Each structure stands twice: as structure tokens, then as C-alpha cells.
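Adding 1217 to a residue's 1-based position in the sequence shown gives its number in the numbering used here.
The structure appears right after this line, and notes come after that.
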Amino acid sequence: MINTQNVTLAISAGRPDQFLSEPLPQIALSGRSNVGKSSLVNALLGRKSLARVSGTPGKTVTVNYYRIDGKLFLVDLPGYGYAKRTREEQAAWSALTDGYLVRNPNIDRLKMILQLIDVRIGPTSDDNTMLGWLNSSGIPYAVVATKCDKCTRTELESNVGALATHPNIPDGTPIIPFSSTKRIGQREVWGLILDAAGIR
Ligand SMILES: Nc1nc2c(ncn2[C@@H]2O[C@H](COP(=O)(O)OP(=O)(O)OP(=O)(O)O)[C@@H](O)[C@H]2O)c(=O)[nH]1
Ligand SMILES: [Mg+2]
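This is how it looks when you write it as C-alpha cells:
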């Protein structure tokens, strides 16, 4: 059992040396800026504004660790694909992303990545780069198809079908239609998180 109401933003790390080393399983959220990562954190935890949601994407460049009931961390990674970053913001983004995914001494605590993809748009070229990296990393991952409230039922079926047969998404990869606003897919995403973290 896990009490999902017992949650704190443990750290908003702006530098890799601030990453947490507590021995808890971590589940990370990856996706382009504006895909709905922070909204998913809020929706999963039933909170309106624990994670900052923004209409203007890509401005905050931090790795946010949410500690849930002392049992696991949800880790919100900085979004990619935001063109209007300054050189400094871009450098901070690279240092953090590389620090978390590549040079992370605690990478064994990362149990799964939730790769968010906007279901209306499908994988962008940055998403395809990320999917390629995920496929070669050996880290278990699932695709969360976000903003599915913006599709008709027919569009949703066809777009989820396209994800399921996408050449960069291996057969058997879980694909979960999700909406933060309509609360669709929460139970399924929680199921994946708790299984990956070995909690139940
Ligand atoms: N209709 C709809 N809008 C959503 C949904 N999820 C997020 N949004 C909207 O999409 C925009 C971006 O959402 P965020 O959660 O801030 O996206 P993010 O991935 O955290 O973006 P960065 O922090 O820039 O990487 C906001 O205007 C949200 O209200 C959803 O499920 N449905
Ligand atoms: Mg965000």
C-alpha cells in the first residue's frame, strides 16, 4: 500500500550534484516540453499545483524529485525540443539530462521511464531520438499518450494504433492513453509505476 497524498517536492535540482542519493526506486518522466509531464504529476497525485504547469514551455530547467510516501521518487525531467532556449538554458538542460540519464551513479535506482508523447502529434523527431536512446539503454519504459481528451474516439484509436506499430516502439511496450484533465489512464499508469518500483 502507498499513500499517494503523502508527497513532497524533495528537490528541484538545477545541477547534477544536487541529485538525490536516497535508496528509493525512481520512475522518471521524459518528453518534449509542453507534452504534459508536470500535469501528469499533479493528476497522478490528485494535486492541482504541486508541479508547476506552464503555458510557456521550457523555461524552468530542473530535475524535480517528488518523494511519495517515503517509498519512491517520481522524477520530472526537463522537457526537450524547446527551440527558444538561451545558450545558458540549453547548456543547463544538457548537463542535467546527461547527468541523470548517462552519468548518474545511482542509475540502478531508475526502474522505469515514462515516455510521454502527445497522442495528437505522435513522435516528433526529438521523440524519435529519445526512443532510439531508450531502445538501446535497456531501461524499461512505457509510452504515455498524453492529451487524449483532445481526440475523438476514432482519432484516439487510430493514433494509439499508430504508436503501437511505430518502428521505434518495440512490440510489447505498454502504451497508455492518458488525460490529466479528464483523468483517463491514471489507474493504468499507477499500476506500471508500482510494479516497476516493486511496491504492492
Ligand atoms: N487538454 C489537455 N491539456 C493538457 C493535458 N496535460 C497538459 N495539458 C496542457 O499542456 C500545457 C503544458 O503542460 P505541462 O504539464 O506544463 O507540460 P510539461 O511537459 O511539464 O512542459 P515543460 O515543463 O515545459 O517540459 C499546459 O497548458 C497544460 O494545461 C491534458 O491531458 N489535456
Ligand atoms: Mg513541466
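Using N, Cα and C, we set each Cβ at its ideal position, and we do this for glycine too.
These numbers were taken from a predicted model, which means no experiment stands behind them.
Closest to ALA1230 by CA distance: which of ARG1264, MET1347, ALA1309 is it?
For ALA1230, the closest C-alpha among the options ARG1264, MET1347, ALA1309 is that of ALA1309.
Which residues in the same chain as LYS1367 place their Cβ atom closer than 7 Å to its Cβ, once the five residues preceding and following it in sequence are excluded?
Around LYS1367: ARG1337.
On a CA-only basis, which of GLY1349, THR1303, VAL1292, ARG1320 is nearest SER1247? Give me that one, please.
When the alpha-carbon of SER1247 is set against those of GLY1349, THR1303, VAL1292, ARG1320, the nearest one is in VAL1292.
Determine whether the beta carbon atoms of SER1397 and ASN1281 lie at a separation below 8 Å.
No, the Cβ-Cβ distance between SER1397 and ASN1281 is not below 8 Å.
Quick one: what's got a C-beta closer than 7 Å to ILE1228's C-beta in the same chain, skipping five residues either side?
Counting only Cβ-Cβ distances below 7 Å, and skipping sequence neighbours, we find GLN1235, LEU1237, TYR1282.
Between the Cα of ASN1223 and those of THR1279, ILE1285, SER1256, spot the shortest distance and give me the residue it belongs to.
The option with the nearest alpha carbon to ASN1223 is ILE1285.
Length of the line joining the Cα atoms of GLN1243 and ILE1416:
Looking at the two C-alpha atoms, the distance is approximately 12 Å.
Taking just the CA atoms, how far does ASP1335 sit from VAL1361?
Across the structure, VAL1361 and ASP1335 are spaced so that their CA atoms are roughly 8 Å apart.
Tell me whether VAL1252 sits in a helix, a strand or coil according to DSSP, three-state version.
Residue state for VAL1252 is assigned as coil, using DSSP reduced to three classes.
With DSSP as the reference, label LEU1409 as helix, strand or coil.
The answer is helix: DSSP assigns LEU1409 an H, G or I state.
Taking Cβ to Cβ, would you say LEU1313 is nearer than 8 Å to VAL1278?
Contact flag set, yes.
Rounded Cβ spacing between ASN1385 and GLY1339 (contact assumed at less than 8 Å):
About 11 Å; that fails the 8 Å criterion.
Report yes if the C-beta distance between ALA1245 and LEU1333 is below 8 Å; otherwise report no.
Their beta carbons are not under 8 Å apart, which means ALA1245 does not touch LEU1333 by this criterion.
Cβ separation of THR1225 and GLY1263, assumed to be a contact under 8 Å, to the nearest whole Å:
Rounded, the Cβ-Cβ distance is 14 Å, inconsistent with contact.
Taking only runs of the beta strand (DSSP E) that begin and end inside the region 1311 to 1390, which ones reach a length of at least 3 residues, in chain order?
Whole beta strand (DSSP E) segments, 3+ residues: 1327 to 1335, 1358 to 1363.
With a CB to CB cut of under 7 Å and the five nearest residues on each side skipped, what residues in its chain are close to LYS1364?
Hits under 7 Å: GLY1253, ASP1335, VAL1336, ARG1337, SER1396.
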